[in-house]
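Okay, so here's the structure we're looking at.
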Amino acid sequence: MTQYEIKIGKLADTYELFIPKTISTGAQISADRMSDENLSKQSFYTSNISFATKRRGNILLGIGGNISFNAIFGLNIQRFCKELIDTGYVCLNSFQRERVLRLERDGEVTFVDSRELELEGNDSEYRSFKIRTKVDGDITTERIPWIHAGFGSGDILKQIMAHLREKEIDKINVYTPNPEKIADSVEDDEIVAMVCWLSNYEHDLFINDVSFGANFRFVYSHSGLRGILKSGNVQKRLCLESLIGNGKVYDDIAIVRKADVSQEDWKLLTSK
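In my numbering, the protein residues as written are 76 to 347.
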C-alpha cells in the first residue's frame, strides 16, 4: 500500500518533496480524518487553489483542485510563495489565465459571482461564510464548490458532516478573497490566485469549528503538506540544493557538515 506522509514547514520547502499529483486536497484530508484522528490535530496546506477575477466589472471568486493547483503553483513554487507573502495573491500572466479558463471549461475550476455567496467580515484581505454542521440550508448552490473542495460531495460529505458533529464541531468557516479589495486591485479579465488551507479541529471555551479556504500570505507557517514523497535520490538532491542555497548540485558533489544540518536532513543525506 502506498504510504502518504506529512511534511511540516514552509510551503516553498515542502512542495518539492512530493509527487505533485498525490498532494492531498482538503476533501481528501477531511475524509481520511474520519479514520485517522491524528490528521485532525494538524493544519494543512491543501492542493486546492483559490481564485478571484473581474468580468465586466463584476467580481467572481473561484476554487480549483489538484490539477489547477499544480498547473499554477507548480511552475515556480519558490517565486509564487514570495509573491504571496509580499502581496497576498499571485497575479497570473496571460498564459496562466488561459490555462485557468481551459480548466474552467473542463469543470476543474468553478467561478461564482461573489454577491451570491453572502460573505461576511470586515478584514481588508478576506471574507468568509459559515456552514453550520447541523443545518443543511447553509449549503446553497453557489457555496457548493467550496464545500466539495474542502469536505467532499455526496455520501462522503454526509459522512464528514456527521463526523464533525460527533466531534462537537459546530460550524465550518470558508474563507475567500475580499471582493472589495479585488475590485480595487484587479482589471477586467485579470485573475489572481491564492493557496488554500484546512485548519485542525479547533476546540476551546468559545470556538468549536474547522476552517478551509484561501490562505493569503501564510505560506511560511508550520502547516503540513500531505502526499506521496518523491524517490530518495530526488529528495537528496533537493535537500542538498536547499542547504547550499544558490545554484545546483552537479555530479552529486557537495561538502556538508553534520553539525550544520538538522537530524532529519542528515538522515536523508546519508541514507542509501
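C-beta: ideal position from N, C-alpha, C; glycine also.
Are residue i and residue j closer than 8 Å when you measure CB to CB?
i    : j    : result
E200 : N253 : yes
G101 : A258 : no
L178 : S228 : no
S296 : F119 : no
W221 : I160 : no
N133 : P95  : no
F226 : I219 : no
V187 : F126 : no
T89  : W272 : no
I379 : L167 : This structure leaves residue 379 out entirely; the chain is present only between 76 and 347.
L86  : V285 : no
R135 : S169 : Here residue 135 is Leu; the residue named in the question, Arg, does not match the sequence. No, they are not a contact pair.
G388 : F291 : Any property of residue 388 remains undetermined from this structure, which presents the chain solely from 76 to 347.
R301 : I104 : yes
V165 : E158 : yes
V261 : T345 : no
T99  : R108 : Sequence inspection shows Ser at residue 99; the Thr mentioned does not correspond to that position. Not in contact: S99 and R108 (Cβ atoms no closer than 8 Å).
A106 : I231 : yes
Could you spell out the range, first to last residue, of the beta strand (DSSP E) harbouring residue i?
i    : result
I124 : 119-130
S203 : 201-207
K82  : 80-83
D188 : 184-188
Which of helix, strand or coil does DSSP assign to residue i?
i    : result
V267 : strand
I247 : strand
V165 : strand
D284 : strand
L136 : strand
L114 : helix
F291 : coil
L273 : strand
E195 : strand
K323 : At K323, the pLDDT of 46 sits below 50, so the modelled position is not reliable; the number obtained from the coordinates is stated separately. DSSP places K323 in coil when its eight states are reduced to three.
Give the single residue among the options whose Cα lies nearest to the Cα of residue i.
i    : options                : result
T97  : V175, I303, K333, I235 : I303
E193 : V184, K209, I214       : I214
R130 : E255, D263, N275       : D263
H238 : G212, E255, Y276       : Y276
I152 : L92, D198, T128, K116  : L92
A268 : F155, N113, S105, E217 : F155
N283 : S99, K242, F148, D111  : K242
N197 : F287, E255, F148       : E255
Would you kindly report the start and end of the unbroken alpha helix (DSSP H) that includes residue i?
i    : result
T97  : That residue, T97, is in no alpha helix (DSSP H); it is neither H nor E in DSSP.
F226 : 219-226
R240 : 229-241
D107 : 101-107
L86  : 86-89
S298 : No alpha helix (DSSP H) holds S298; DSSP gives it neither H nor E.
I142 : 141-148
K256 : 254-260
Distance cutoff 8 Å, beta carbons only. Does residue i sit that close to anything in chain D?
i    : result
A268 : Going by chain labels, chain D is absent from the structure shown, which holds only one protein chain.
Meets three-Cβ-pair contact criterion under 8 Å: the region 239-259 and the region 192-207: yes
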